[in-house]
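> So that we are looking at the same thing, I have put the structure below in structure tokens.
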Amino acid sequence: MPKSYRDGLPITPDKFVDQLMRLKRGSISRRDFLGLTGLGVATAVMARELGIMPTPAFAAENLGDRMSIATWPNYHDPQTFENFKAETGVAVEVNVFGSNEEMLAKLQAGGSGWSLFVPTNYTISTYKKLGIIEALDMAKLGNFDGKSEDARFTAEGTIDGTIYAVPKNWGTTGFAVNIKKLAKPMSSWKEFWDTAMAEGDGRAMVHDYQLTTIGNALKYYGYSFNSLKQDELAKAEELLLKVKPHLFAVSSDYQPGMRAGDAWMTMCWTNDGAQLHRDIPEIAYVLGKEGGEIWTDFYAIPKDAPNKPAGYALLNYLMNPKVAVKEHLANGAPSTDARVNALLPKEVLDNPILYPAADLLKPLEFGAAATLTDPGRAELMARFKSA
Amino acid sequence: MRRSLFRKNLVTALLLAPATLWLVVFLVLPFVAIAIFSVGERAPEGGYQAALTLAQYANLPARATAFWNTMVLAPAGALACLLVAYPVAYYLALRAPQRWRLILLALIVIPFWTSLLMRTYAWMYILGGRGIPALLAYVGIEDLRLINTPGAVLLGIVYGYLPLMILPIYVSLERLDRRLLEASADLGATPLSTFLGVTLRLSLPGVMTGFSLVMILLLGEYLIPTLLGGGKVFFIGNALVDLFLQSRNWPFGSAIAITLVLVSVVVLIVANRISTRLSGARRVDLI
Chain A
527 MPKSYRDGLP
537 ITPDKFVDQL
547 MRLKRGSISR
557 RDFLGLTGLG
567 VATAVMAREL
577 GIMPTPAFAA
587 ENLGDRMSIA
597 TWPNYHDPQT
607 FENFKAETGV
617 AVEVNVFGSN
627 EEMLAKLQAG
637 GSGWSLFVPT
647 NYTISTYKKL
657 GIIEALDMAK
667 LGNFDGKSED
677 ARFTAEGTID
687 GTIYAVPKNW
697 GTTGFAVNIK
707 KLAKPMSSWK
717 EFWDTAMAEG
727 DGRAMVHDYQ
737 LTTIGNALKY
747 YGYSFNSLKQ
757 DELAKAEELL
767 LKVKPHLFAV
777 SSDYQPGMRA
787 GDAWMTMCWT
797 NDGAQLHRDI
807 PEIAYVLGKE
817 GGEIWTDFYA
827 IPKDAPNKPA
837 GYALLNYLMN
847 PKVAVKEHLA
857 NGAPSTDARV
867 NALLPKEVLD
877 NPILYPAADL
887 LKPLEFGAAA
897 TLTDPGRAEL
907 MARFKSA
Chain B
2 MRRSLFRKNL
12 VTALLLAPAT
22 LWLVVFLVLP
32 FVAIAIFSVG
42 ERAPEGGYQA
52 ALTLAQYANL
62 PARATAFWNT
72 MVLAPAGALA
82 CLLVAYPVAY
92 YLALRAPQRW
102 RLILLALIVI
112 PFWTSLLMRT
122 YAWMYILGGR
132 GIPALLAYVG
142 IEDLRLINTP
152 GAVLLGIVYG
162 YLPLMILPIY
172 VSLERLDRRL
182 LEASADLGAT
192 PLSTFLGVTL
202 RLSLPGVMTG
212 FSLVMILLLG
222 EYLIPTLLGG
232 GKVFFIGNAL
242 VDLFLQSRNW
252 PFGSAIAITL
262 VLVSVVVLIV
272 ANRISTRLSG
282 ARRVDLI
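Chains as they are written, first to last, in the numbering used here: chain A, 527 to 913; chain B, 2 to 288.
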């Protein structure tokens with residue numbers, strides 16, 4: 527992937543001279559020169575500061591100088607927020623979470639301080655029911671184009687015809703395996719759990735997240751990922767309690783453990799799978815053939831957002847396909863937006879981690895709203911963790 | 002006369018006002034709120050809904066494992082801390098050259114200036130696969146796992162709370178009247194029996210202070226087990242965090258919090274009793 531941490535950073539002196547010479551030789555256009563060296567942005571910013579050029583998108587409202595977003599670990603291109611700050615003067619504070627339950631808990635308690643957050647598809651109806659999220663003012667989101675979105679992934683953001691959330695990206699929940707350490711090929715959740723108790727003893731991680739940890743334990747027996755049936759949950763609990771002593775950790779922040787080589791196998795989301803495989807080729811991403819989760823993460827704005835203008839401004843910024851494409855290159859999750867897909871390089875669109883074969887996608891289930899608030903699943907998770 | 006008494010009372014009241022206000026607002030009121038929550042019910046989507054029931058307290062056995070882990074690991078952690086701290090405090094108070102003492106004490110306190118979170122994160126990397134295990138791989142010890150083991154948690158606990166144990170013991174040893182040691186030796190006691198009969202006995206109040214301080218903090222610990230135990234070693238503090246931040250069962254969480262406070266108070270009282278009894282002849286003055 528062409529992505530580098532240097533992308534978008536200020537140009538180095540050598541590079542500047544290099545580009546200047548190329549411009550003089552006529553082998554680079556003036557526009558590219560301004561773009562590459564950052565002089566274009568600098569001129570635009572100065573022009574705005576000096577009042578020479580109007581700033582149509584942000585001119586109407588005072589955005590303040592800071593806002594905070596709640597999202598997932600390793601989920602954004604840090605440069606996105608730097609660029610947003612350069613353009614608007616708003617510094618973005620990033621809070622990361624390991625489960626939707628944690629986000630809900632913070633919002634329920636009030637005073638979260640977030641002006642934008644990233645909930646997963648199945649939670650949006652509950653947020654709406656509790657009156658925690660805003661009906662989005664689409665007039666402020668000119669960069670969003672509903673027609674270019676893949677309806678399969680975006681439906682749950684709209685409730686009774688009102689848009690409450692717009693998609694960031696979709697993905698799957700599978701598992702990542704270090705094939706140098708665990709060479710036996712795996713293709714199912716059954717193998718994941720069995721390996722965790724055998725060759726992978728002390729080296730496997732599961733999410734600190736009821737939906738996926740319980741859901742993928744249910745898949746061991748071929749039950750629905752979303753099951754709320756007592757007898758099926760009891761079987762899943764039996765498996766989880768049996769596996770518990772063999773686990774390396776119960777945590778949703780599994781990249782550090784996998785990268786350091788302490789963990790050899792972990793439950794894993796598409797984006798983390800793509801990042802791990804990109805940096806460490808021997809880490810493979812596997813979708814259980816029994817099924818599991820398919821998801822869409824959305825952007826939504828809390829009703830009590832302290833800086834709604836900035837929340838909308840950042841959201842609109844992120845909906846710009848040119849910005850979104852960089853997010854996808856950094857984060858590694860597939861886009862729901864056809865305009866973004868058109869900008870993505872071919873090797874990304876051909877990456878089977880991002881776009882699994884149709885027969886692997888077919889058995890996957892979207893998380894069900896009831897699992898978020900079901901006390902039975904919450905207590906099961908607690909018993910598993912405290913065992 | 003009466004006027005000056007009134008003034009004296011007023012001054013006392015004013016001086017105590019900030020602390021009282023602080024405690025009322027940040028200790029008493031939250032405690033009352035938690036007590037009220039603890040007799041309520043979990044709302045269907047999580048959170049709190051008003052009720053008057055003892056169901057949450059009846060449900061306490063559901064967290065028996067977490068309570069048990071805490072009841073075992075808190076004293077064990079405090080004991081491990083004590084075993085490491087005592088020799089250090091002993092050396093500092095009785096053996097270290099006077100001019101070094103202050104510097105050594107400062108070296109013990111300085112790490113406290115960095116947040117426990119940062120220091121524990123540092124241990125995550127030291128014990129993680131790119132830390133000590135990577136060094137050991139050079140000498141042929143492959144695939145050793147240190148992080149996310151009970152040993153790592155114990156190490157984190159000892160490291161994190163060591164100064165809290167050293168300082169009270171140091172203070173009690175430092176005040177020790179050296180002539181008692183000489184007297185003991187003069188009367189024919191061996192160094193070991195002098196240590197056991199005089200030094201250790203007289204430093205017990207410091208030991209008990211350090212022990213209960215560390216133990217009370219450990220009863221509420223959740224950070225170290227999460228970071229160094231991989232969320233597998235589950236303390237009651239972790240159960241509390243989960244109840245409020247994951248399953249959003251505030252009433253049950255509140256009931257556990259109240260129980261934890263009561264347990265801590267009992268621990269304190271018992272520790273106090275023991276320390277008073279053990280050092281029955283605490284004030285030994287030769288003059």
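We put the CB at the ideal spot given by N, CA and C, even for glycine.
I'd like to know whether the C-beta of G728(A) is nearer than 8 Å to at least one C-beta of chain B.
As a first step, residue 728(A) is located in the first sequence; it is residue number 202 there, counting from the start. Chain B contact via Cβ: present.
> Measuring CA to CA, which of D863(A), E763(A), G799(A) and S594(A) is closest to D779(A)?
Taking the first residue of the first sequence as 1, we reach residue 779(A) at position 253. Cα-wise, what sits closest to D779(A) is G799(A).
> Can you name, in chain order, every residue of its own chain whose Cβ lies under 7 Å from the Cβ of W769(A), other than the five neighbours on each side?
Mapped onto the first sequence, residue 769(A) falls at position 243. The residue asked about is misnamed: residue 769(A) is Val in this sequence, not Trp. The residues are W719, A722 and M723.
> Kindly say whether K911(A), judged by its beta-carbon, lies nearer than 8 Å to any beta-carbon of chain B.
Locating residue 911(A) in the first sequence gives position 385, where the first residue counts as 1. It does; some Cβ of chain B falls within 8 Å.
> Taking the alpha helix (DSSP H) that E46(B) belongs to, which residues open and close that run?
In the second sequence, residue 46(B) corresponds to position 45, counting from 1. Here E46(B) belongs to no alpha helix (DSSP H), and DSSP marks it neither H nor E.
> Just the C-alpha distance for N833(A) and G902(A), rounded to the nearest angstrom, thanks.
Counting from one through the first sequence, the residue named residue 833(A) turns up at place 307. Counting from one through the first sequence, the residue named residue 902(A) turns up at place 376. When rounded, the distance between both Cα atoms is 36 Å.
> Would S276(B) and E905(A) qualify as a contact pair, given that the criterion is a beta-carbon distance under 8 Å?
Here the question's residue 276(B) lines up with position 275 in the second sequence. Here the question's residue 905(A) lines up with position 379 in the first sequence. Their beta carbons are not under 8 Å apart, which means S276(B) does not touch E905(A) by this criterion.
> Between the C-alpha atoms of E175(B) and G254(B), what's the straight-line distance to the nearest angstrom?
In the second sequence, residue 175(B) corresponds to position 174, counting from 1. In the second sequence, residue 254(B) corresponds to position 253, counting from 1. Cα to Cα, the separation comes out at about 43 Å.
> Given that a residue counts as buried once 16 or more other Cβ atoms are within 10 Å of its Cβ, and exposed if not, what is F892(A)?
For the purposes of this step, residue 892(A) is taken as residue 366 along the first sequence, with counting starting at 1. F892(A) is buried by the Cβ-count criterion.
> Which whole-angstrom value is the C-beta distance of L224(B) and T115(B), which I expect to be below 8 Å?
What you label residue 224(B) is simply residue 223 of the second sequence in a count that begins at 1. What you label residue 115(B) is simply residue 114 of the second sequence in a count that begins at 1. Actually they are not in contact, since the Cβ atoms of L224(B) and T115(B) sit about 14 Å apart, beyond 8 Å.
> Check whether the region 868 to 878 of chain A and the region 188 to 205 of chain B are in contact - that is, three or more C-beta pairs closer than 8 Å.
The region 868 to 878 of chain A is not in contact with the region 188 to 205 of chain B.
> On a Cα-Cα basis, can you pick out the residue from I685(A), I806(A), A836(A) and V776(A) that is closest to L589(A)?
Start at 1 with the first residue of the first sequence, and residue 589(A) comes out as number 63. It is A836(A) whose Cα lies nearest to the Cα of L589(A).
> For S173(B), count neighbouring C-beta atoms within 10 Å of its own C-beta (all shown protein chains included) and say buried if the count is 16 or more, exposed if not.
If you number the second sequence from 1, residue 173(B) lands on position 172. S173(B) should be labelled buried.
> For V234(B) versus V154(B), is the C-beta distance shorter than 8 Å?
Within the second sequence, residue 234(B) is the residue found at index 233, counting from 1. Within the second sequence, residue 154(B) is the residue found at index 153, counting from 1. Yes.
> So P901(A) contacts chain B; which residues on that side make the cut at Cβ distance below 8 Å?
On the first sequence, residue 901(A) is found 375 positions in, with the first residue counted as 1. R43, S248 and N250, listed in chain order.
> In its own chain, which residues sit with a C-beta less than 6 Å from the C-beta of G78(B), not counting the 5 before and 5 after it?
The residue labelled residue 78(B) in the question sits at position 77 within the second sequence. Correct list, in chain order: I158 and L219.
> Of all Cβ atoms in chain B, is any one closer than 8 Å to the Cβ of D734(A)?
Here the question's residue 734(A) lines up with position 208 in the first sequence. Taking Cβ atoms only, chain B reaches closer than 8 Å to D734(A), which makes this a yes.
> Starting from S248(B), trace the beta strand (DSSP E) in both directions and tell me its first and last residue.
Counting from 1 along the second sequence, the entry for residue 248(B) is found at position 247. No beta strand (DSSP E) contains S248(B), which DSSP labels as neither H nor E.
> Where does L890(A) sit, in a helix, a strand or coil, going by DSSP?
On the first sequence, residue 890(A) is found 364 positions in, with the first residue counted as 1. DSSP places L890(A) in strand when its eight states are reduced to three.
> Any idea what DSSP makes of D144(B), helix, strand or coil?
Within the second sequence, numbered from 1, the residue matching residue 144(B) stands at position 143. Three-state DSSP puts D144(B) in coil, outside helix and strand.
> Out of curiosity, what's the CA-to-CA distance linking Y139(B) and R131(B)?
Residue 139(B) sits at position 138 when you count from the first residue of the second sequence. Residue 131(B) sits at position 130 when you count from the first residue of the second sequence. The alpha-carbon atoms of Y139(B) and R131(B) are separated by roughly 12 Å.
> Counting only Cβ-Cβ distances shorter than 9 Å, please list the residues of the region 768 to 799 of chain A near chain B, keeping chain order.
Listed by position, the residues of the region 768 to 799 of chain A near chain B (Cβ gap below 9 Å) are K770, P771, L773, F774, A775, V776, S777, P782, G783, R785, A786, G787, D788 and A789.
> At the level of alpha carbons, what is the spacing between S213(B) and D144(B)?
Here the question's residue 213(B) lines up with position 212 in the second sequence. Here the question's residue 144(B) lines up with position 143 in the second sequence. Cα-Cα distance, rounded: 38 Å.
> Listing by chain order, which chain B residues have their CB less than 7 Å from the CB of Q634(A)?
For this step, residue 634(A) is matched to residue 108 along the first sequence. Ordered by position in chain B, the residues that pass the 7 Å Cβ test against Q634(A) are G47, G48 and R249.
> A240(B) touches chain A at which residues, Cβ-Cβ below 9 Å?
For the purposes of this step, residue 240(B) is taken as residue 239 along the second sequence, with counting starting at 1. By Cβ distance, chain A contributes A908, K911 and S912.
> Give the single residue among R64(B), V85(B), P76(B) and L6(B) whose Cα lies nearest to the Cα of Y171(B).
To locate residue 171(B), count along the second sequence from 1; it is residue 170. Nearest option by C-alpha distance: V85(B).
> Just to make sure I have the definition right: I need the residues of chain B whose C-beta is within less than 8 Å of the C-beta of L656(A). Which are they?
As a first step, residue 656(A) is located in the first sequence; it is residue number 130 there, counting from the start. Neighbours of L656(A) on chain B, chain order: E46.
> Using only the alpha-carbon positions, how far apart do L16(B) and F32(B) sit?
Here residue 16(B) refers to the residue found at position 15 when the second sequence is read from its first residue. Here residue 32(B) refers to the residue found at position 31 when the second sequence is read from its first residue. Their backbone Cα atoms lie some 24 Å apart in a straight line.
> Taking only the alpha-carbon atoms, compute the straight-line gap between I133(B) and G783(A) and give it to the nearest angstrom.
As a first step, residue 133(B) must be located in the second sequence, where it is residue number 132. As a first step, residue 783(A) must be located in the first sequence, where it is residue number 257. Between I133(B) and G783(A), the C-alpha separation is close to 14 Å.
> Note down, one range per segment and in chain order, each beta strand (DSSP E) of at least 3 residues found wholly within the region 751 to 822 of chain A.
With a minimum length of 3 residues, the continuous beta strand (DSSP E) runs that stay inside the region 751 to 822 of chain A are 773 to 776, 791 to 795 and 809 to 812.
> Is the CB of A67(B) under 8 Å away from at least one CB in chain A?
For the purposes of this step, residue 67(B) is taken as the residue at position 66 of the second sequence. Answer yes: the Cβ-Cβ gap between A67(B) and chain A drops below 8 Å somewhere.
> With C-beta atoms as the reference, is Q634(A) less than 8 Å away from G47(B)?
As a position in the first sequence, residue 634(A) is number 108, starting the count at 1. As a position in the second sequence, residue 47(B) is number 46, starting the count at 1. Their beta carbons are under 8 Å apart, which means Q634(A) touches G47(B) by this criterion.
> Could you tell me which whole alpha helix (DSSP H) segments of length 4 or greater appear in the region 154 to 228 of chain B?
With a minimum length of 4 residues, the continuous alpha helix (DSSP H) runs that stay inside the region 154 to 228 of chain B are 179 to 187, 192 to 195 and 201 to 220.
> May I ask you to list, following chain order, the residues of the region 119 to 150 of chain B that have a beta carbon less than 7 Å from some beta carbon of chain A?
Within the region 119 to 150 of chain B, the residues whose Cβ lies closer than 7 Å to some Cβ of chain A are G129, G130, R131, R146, I148 and N149, listed in chain order.
> Would you kindly check if the distance between the Cβ of V622(A) and the Cβ of W640(A) is under 8 Å?
In the first sequence, the residue the question calls residue 640(A) occupies position 114. In the first sequence, the residue the question calls residue 622(A) occupies position 96. Their beta carbons are not under 8 Å apart, which means W640(A) does not touch V622(A) by this criterion.
> Does chain B have any CB closer than 8 Å to the CB of D558(A)?
Against the first sequence, residue 558(A) aligns to sequence position 32. Low confidence applies here, because D558(A) scores a pLDDT of 49, under 50, leaving its location unreliable and the question unanswered by this model.
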